[in-house]
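Undergrad: Numbering (the working numbering), first residue to last: 23 to 309.
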């Protein structure tokens, strides 16, 4: 693609409901201030609009045994250690660009991630290692009444709250207020993603997520789906594989082996990653 000297080539992608601006930065095209770039281009209505920015880059360690380096920035410019749907989009674009084979490995701030990209469809699966299920709960009184929150870290911190009906739990504005209050609660000094979930069938759950860094409810969350699956399995309410229905419509599937020590092993997240558009973004988009 021919790129104006002042512009940066980008790919807009959808990952199971989340949307991302993805940039191949192997030649160092991005400005030095990545936080400002991310905040600018993720503005909806004023710029490209996205939940976050995914950056593909060369690895600095030739002995790492990976195909590329992956970086994720939230819409507020903060760096995310992990983003499940963003990882799937990064893997898809890496395959399309010839950066990596369909089965690839890439380096993230939370460690090495393995991915398998469907060449004939939109599916992508990523291996996310092991996650320790929560052994404690945090109780909070919200404007909607008491909530029992189960904290679990899936590269990034999450809490999972089980409710009778996630869709009827709260309207968008109320959920945003409740999510924001929990996200900034002193009990979670690093902040937290808030997932409200309810049963939707055998080993199938409906999930709504307030995302830290995006600072609003989003249409999907890959790490939130993993957190949900691990929690409901630990509570004896589901057996893997667990299907998680997102607000955007796509279903994320989480498979793993349950350990008696509370550790879910060999976690594998499967969703979709689709190219929506390609183009060139100019400095006015992030100025």
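All C-beta atoms in this analysis are idealised placements derived from N, C-alpha and C, irrespective of residue type, glycine included.
Give the straight-line distance between the Cα atoms of residue 117 and residue 70, rounded to the nearest whole angstrom.
TA: Within the chain shown, residue 117 is the residue found at index 95, counting from 1. Within the chain shown, residue 70 is the residue found at index 48, counting from 1. One C-alpha to the other measures close to 23 angstroms.
Undergrad: In the DSSP assignment, what are the bridge partners of residue 162?
TA: Residue 162 sits at position 140 when you count from the first residue of the chain shown. In the DSSP output, where bridge partners are listed per residue, residue 162 has 169.
Undergrad: On a Cα-Cα basis, can you pick out the residue from 282, 250, 108 that is closest to residue 294?
TA: As a working mapping, residue 294 is identified with position 272 in the chain shown. Out of 282, 250, 108, 108 has the C-alpha closest to the C-alpha of residue 294.
Undergrad: In whole angstroms, what is the alpha-carbon distance linking residue 19 and residue 256?
TA: The question about residue 19 has no answer, for the chain in this structure spans 23 to 309.
Undergrad: Using DSSP's beta-bridge definition, name the partner residues of residue 102.
TA: As a working note, residue 102 is residue 80 in the chain shown. Partner(s): 94.
Undergrad: With a threshold of 16 other CB atoms inside 10 Å of the CB of residue 194, please say whether the residue is buried or exposed.
TA: Indexing the chain shown from 1 puts residue 194 at position 172. Exposed, because fewer than 16 other Cβ atoms sit within 10 Å of the Cβ of residue 194.
Undergrad: Check each candidate in 300, 126, 202, 144 and name the one with the smallest Cα separation from residue 39.
TA: If you number the chain shown from 1, residue 39 lands on position 17. Measuring from the Cα of residue 39, the nearest candidate turns out to be 144.
Undergrad: In the DSSP assignment, what are the bridge partners of residue 78?
TA: Numbered from its first residue, the chain shown carries residue 78 at position 56. Partner(s): 46, 92.
Undergrad: For residue 186, is the classification buried or exposed, using 16 other Cβ atoms within 10 angstroms of its Cβ as the cut-off for buried?
TA: As a first step, residue 186 must be located in the chain shown, where it is residue number 164. Label assigned to residue 186: exposed.
Undergrad: Measuring CA to CA, which of 124, 212, 128, 65 is closest to residue 97?
TA: For this step, residue 97 is matched to residue 75 along the chain shown. Among 124, 212, 128, 65, the Cα nearest to that of residue 97 belongs to 65.
Undergrad: Specify, as a first and last residue, the run of the beta strand (DSSP E) that residue 129 falls within.
TA: Here residue 129 refers to the residue found at position 107 of the chain shown. Residue 129 -> beta strand (DSSP E) spans 125-130.
Undergrad: Between the Cα of residue 157 and those of 290, 286, 302, spot the shortest distance and give me the residue it belongs to.
TA: By one-based count along the chain shown, residue 157 stands at place 135. The candidate whose alpha carbon is nearest that of residue 157 is 286.
Undergrad: Distance check for residue 199 and residue 136, CA to CA, integer angstroms please.
TA: Within the chain shown, numbered from 1, the residue matching residue 136 stands at position 114. Within the chain shown, numbered from 1, the residue matching residue 199 stands at position 177. Rounded to whole angstroms, residue 136 to residue 199 spans 36 angstroms at the Cα level.
Undergrad: First and last residue of the alpha helix (DSSP H) that includes residue 63?
TA: Position 41 of the chain shown, counted from the start, is the residue given in the question as residue 63. Counting along the chain, the alpha helix (DSSP H) containing residue 63 begins and ends at 56-63.
Undergrad: Does the beta-carbon of residue 196 have 16 or more other beta-carbons within 10 angstroms, so that it is buried, or is it exposed?
TA: For the purposes of this step, residue 196 is identified with residue 174 of the chain shown, where counting begins at 1. Counting Cβ neighbours within 10 Å, residue 196 comes out exposed, since fewer than 16 surround it.
Undergrad: Rounded to a whole number of angstroms, what is the C-alpha to C-alpha distance between residue 210 and residue 61?
TA: By one-based count along the chain shown, residue 210 stands at place 188. By one-based count along the chain shown, residue 61 stands at place 39. Their backbone Cα atoms lie some 24 angstroms apart in a straight line.
Undergrad: In chain order, what residues of the same chain have a beta carbon less than 7 angstroms from the beta carbon of residue 268, not counting five sequence neighbours either side?
TA: Working through the chain shown from its first residue, we reach residue 268 at position 246. Counting only Cβ-Cβ distances below 7 angstroms, and skipping sequence neighbours, we find 38, 39, 229, 241, 242, 274.
Undergrad: Can you give the Cα-Cα distance for residue 25 and residue 149, rounded to whole angstroms?
TA: As a position in the chain shown, residue 25 is number 3, starting the count at 1. As a position in the chain shown, residue 149 is number 127, starting the count at 1. Only weak support exists for where residue 25 lies, its pLDDT of 43 falling under 50; the coordinates are left without a value.
Undergrad: Would you call the segment 288-308 and the segment 212-219 touching, i.e. three or more CB-CB distances under 8 angstroms?
TA: No, because fewer than three Cβ pairs between the segment 288-308 and the segment 212-219 fall closer than 8 angstroms, the two stretches do not touch.
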